[in-house]
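Participant: Counting with the working numbering, you get residues 90 to 302 for the letters of the sequence shown. Each residue gets a CB set at the ideal place from its N, CA and C atoms; glycine is no exception.
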Amino acid sequence: MYDAALSDTISKFPVDIQPFKDMIEGMRLDLKKSRYQNFDELYLYCYYVAGTVGLMSVPVMGIAPDSKASTESVYNAALALGIANQLTNILRDVGEDARRGRIYLPLDELAQAGLTEDDIFAGKVTDKWRNFMKDQIKRTRMFYDAAEQGIFELNPQSRWPVLASSLLYRQILDSIEANDYNNFTKRAYVSKAKKLLSLPVAYAKATLGLKSS
90 MYDAALSDTI
100 SKFPVDIQPF
110 KDMIEGMRLD
120 LKKSRYQNFD
130 ELYLYCYYVA
140 GTVGLMSVPV
150 MGIAPDSKAS
160 TESVYNAALA
170 LGIANQLTNI
180 LRDVGEDARR
190 GRIYLPLDEL
200 AQAGLTEDDI
210 FAGKVTDKWR
220 NFMKDQIKRT
230 RMFYDAAEQG
240 IFELNPQSRW
250 PVLASSLLYR
260 QILDSIEAND
270 YNNFTKRAYV
280 SKAKKLLSLP
290 VAYAKATLGL
300 KSS
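(1) Looking only at C-alpha atoms, which of TRP249, ALA173 and ALA200 sits nearest to ARG228?
(2) Can you tell me whether SER287 is buried or exposed, with buried defined as 16 or more other CB within 10 angstroms of its CB?
(3) Does the separation of the CB atoms of VAL149 and PHE109 fall below 8 Å?
(4) Mark ASN127 as exposed unless 16 or more other C-beta atoms lie within 10 angstroms of its C-beta, in which case mark it buried.
(5) Quick test of your reading: LEU243 and GLY151, contact by CB under 8 Å. State the CB separation rounded to the nearest angstrom.
(6) Would you call VAL183 buried or exposed, if buried means 16 or more other Cβ atoms sit within 10 Å of its Cβ?
(7) Thinking just about the alpha-carbon of each residue, which of ALA167, ARG189 and ILE261 is nearest to the one in GLN238?
(8) Under the three-state reduction of DSSP, which class applies to LEU243: helix, strand or coil?
(9) Give me the residue from SER96, ILE209 and ASN165 with the minimum Cα distance to THR274.
(10) Decide if ALA277 is buried, meaning its Cβ has at least 16 other Cβ atoms within 10 Å, or exposed.
(11) Is VAL214 near the ligand SAM, with its Cβ less than 7 Å from a heavy atom?
(12) Classify ARG189: buried if its beta carbon has 16 or more other beta carbons within 10 angstroms, exposed otherwise.
(13) What alpha helix (DSSP H) runs, 4 residues minimum, are completely inside the region 187 to 226?
(14) For the 8 Å Cβ check, are there 3 or more pairs between the region 116 to 136 and the region 194 to 214?
(15) Roughly how many whole angstroms lie between the Cα atoms of LEU204 and GLU185?
(16) Counting Cβ pairs, one atom from each stretch, are 3 or more of them under 8 Å apart for the region 133 to 144 and the region 104 to 123?
(17) If we count the other Cβ atoms within 10 Å of its Cβ and call it buried at 16 or more, is LYS294 buried or exposed?
Written out as structure tokens, the structure reads:
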């Protein structure tokens with residue numbers, strides 16, 4: 090059934106096959122790699138497993154006929170949103186991943202912050218950890234900011250769901266902060282009430298073209 094759905098999508102929209110191949114490569118990578126030496130390595134992983142989704146989605150969602158943005162810039166924005174979402178997942182799931190023996194964080198940046206793998210496995214929130222997490226969250230928000238302009242270049246009917254997704258994922262970062270950066274034993278999530286409140290906000294932004302300040 091899924092093959093039929095994918096085949097139908099490819100027949101109707103100008104979808105490039107390369108992101109699909111890259112996603113499969115990311116799944117293979119995840120089977121054999123559980124450490125990332127630097128952000129370049131982590132970025133590549135995020136591209137494989139999530140950035141590709143953004144690239145797959147643009148042809149289906151469509152670029153607005155009156156958009157003056159280059160096609161490349163819209164695809165770059167979609168890629169940035171995928172990266173931001175995956176980085177958010179990683180920051181949310183640090184404790185869960187550690188219990189599986191996996192660390193999806195740049196080891197060189199951990200070392201620069203005075204942290205080690207053992208600190209991750211110990212799961213203690215310290216000032217060093219808080220400062221490290223602040224930097225990780227700041228970078229992730231930069232990817233969301235880079236993605237936002239591209240969202241407004243999509244077909245109008247596609248903007249609301251993408252903006253809603255972006256807004257909800259941004260709030261996971263807020264939740265990590267509210268938990269005092271304890272992503273070892275506390276699950277960062279967005280409450281149902283906040284989700285419901287976010288939908289009209291996203292709709293207004295999509296309709297009125299309101300960008301985040």
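Facilitator: On the basis of the data shown:
(1) By one-based count along the sequence shown, residue 228 stands at place 139. Minimum Cα distance to ARG228 is reached at ALA173.
(2) On the sequence shown, position 198 is the one that residue 287 refers to. Classification of SER287: buried, given that the 10 Å Cβ count is 16 or more.
(3) Taking the sequence shown and counting its residues from 1, the one referred to as residue 149 is at position 60. Taking the sequence shown and counting its residues from 1, the one referred to as residue 109 is at position 20. No; because the gap between Cβ atoms is not below 8 Å, this pair is not in contact.
(4) In the sequence shown, residue 127 corresponds to position 38, counting from 1. With fewer than 16 other Cβ atoms within 10 Å, it is exposed.
(5) Here residue 243 is taken as the residue at index 154 of the sequence shown, counted from 1. Here residue 151 is taken as the residue at index 62 of the sequence shown, counted from 1. About 7 Å separates the two Cβ atoms, so the contact holds.
(6) Mapped onto the sequence shown, residue 183 falls at position 94. Classification for VAL183: buried.
(7) Taking the first residue of the sequence shown as 1, we reach residue 238 at position 149. Here the closest residue by C-alpha is ALA167.
(8) The residue labelled residue 243 in the question sits at position 154 within the sequence shown. Note: LEU243 maps to strand in three-state DSSP.
(9) One-based indexing of the sequence shown puts residue 274 at position 185. Cα-wise, what sits closest to THR274 is ILE209.
(10) Counted from its first residue, the sequence shown places residue 277 at position 188. ALA277 should be labelled buried.
(11) What this structure holds is no ligand at all, so the ligand SAM is not there to describe.
(12) Along the sequence shown, one-based indexing puts residue 189 at 100. Label assigned to ARG189: exposed.
(13) 196 to 201 and 206 to 211
(14) yes
(15) In the sequence shown, counting from the first residue as 1, residue 204 sits at position 115. In the sequence shown, counting from the first residue as 1, residue 185 sits at position 96. Between LEU204 and GLU185, the C-alpha separation is close to 18 Å.
(16) yes
(17) Residue mapping note: residue 294 aligns to position 205 of the sequence shown, counting from 1. So LYS294 ends up on the buried side.
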